[in-house]
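Taking our numbering, I'd label the letters of the sequence shown as residues 330 to 444.
In this text, a Cβ means the ideal position worked out from N, Cα and C, and glycines have one as well.
Some notes on the structure that comes next.
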Amino acid sequence: MNFWETITGSDLTREYKALQARAEALPAEYQAAWGEIQANLSPYAGFTGRNLMPILEGALGLLEEAAADGQSVHETLGDDIKGFCAAIAGEEGAKSYRDKWRDQLNKNAARKLGR
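What follows is the structure, given as structure tokens:
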């Protein structure tokens with residue numbers, strides 16, 4: 330990865346398109362689960378989203394293996410896809426970017442108020 334790719338994010342676009350192409354080869358129920366995983370992981374992304382690429386690749390690999398073994402999505406991910414995403418993003422109760430910004434705002438307000 331060169332400097333220009335890092336600045337523009339073209340390397341991420343290329344990686345993401347490759348993941349999407351792999352996901353399109355999955356059966357329909359796995360594609361739906363992939364969409365839910367992406368939606369539930371997006372709050373845990375950093376500014377650029379680079380931190381999510383290995384997580385997304387691992388989750389897609391899990392879905393591919395489960396589809397190859399003939400398991401259902403329910404057997405693989407369980408009932409709580411949101412909880413699954415929180416677990417693979419860090420840990421249960423992991424802070425999203427909104428939580429981090431809220432904490433920072435509260436600290437700044439408390440400091441300016443002299444508390």
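For C414 and L389, what's the separation of their Cα atoms in angstroms? Your numbering for residue 414 matches position 85 in the sequence shown. Your numbering for residue 389 matches position 60 in the sequence shown. The alpha-carbon atoms of C414 and L389 are separated by roughly 12 Å.
How would you label A350, buried or exposed, when you count the other beta carbons within 10 angstroms and need 16 or more for buried? Counting from one through the sequence shown, the residue named residue 350 turns up at place 21. Classification of A350: exposed, given that the 10 Å Cβ count is below 16.
L314, DSSP secondary structure in three states: Because the chain in this structure spans residues 330 to 444, residue 314 falls outside the shown range and cannot be described.
For A438, which of helix, strand or coil comes out of DSSP? Taking the sequence shown and counting its residues from 1, one reaches residue 438 at position 109. Correct three-state label for A438: helix.
How long is the line joining the alpha carbons of D432 and A418, rounded to whole angstroms? The sequence position of residue 432 within the sequence shown is 103, counting from 1. The sequence position of residue 418 within the sequence shown is 89, counting from 1. One C-alpha to the other measures close to 19 Å.
Kindly indicate which residue of K429, D398, A438, L442 has the alpha-carbon position closest to the one of Y359. Position 30 of the sequence shown, counted from the start, is the residue given in the question as residue 359. Nearest option by C-alpha distance: D398.
In whole angstroms, what separates the C-alpha of A368 from that of W333? Indexing the sequence shown from 1 puts residue 368 at position 39. Indexing the sequence shown from 1 puts residue 333 at position 4. Rounded to the nearest whole angstrom, the C-alpha separation of A368 and W333 is 28 Å.
At which residues does the alpha helix (DSSP H) containing N369 begin and terminate? In the sequence shown, residue 369 corresponds to position 40, counting from 1. Here the alpha helix (DSSP H) through N369 covers 357 to 370.
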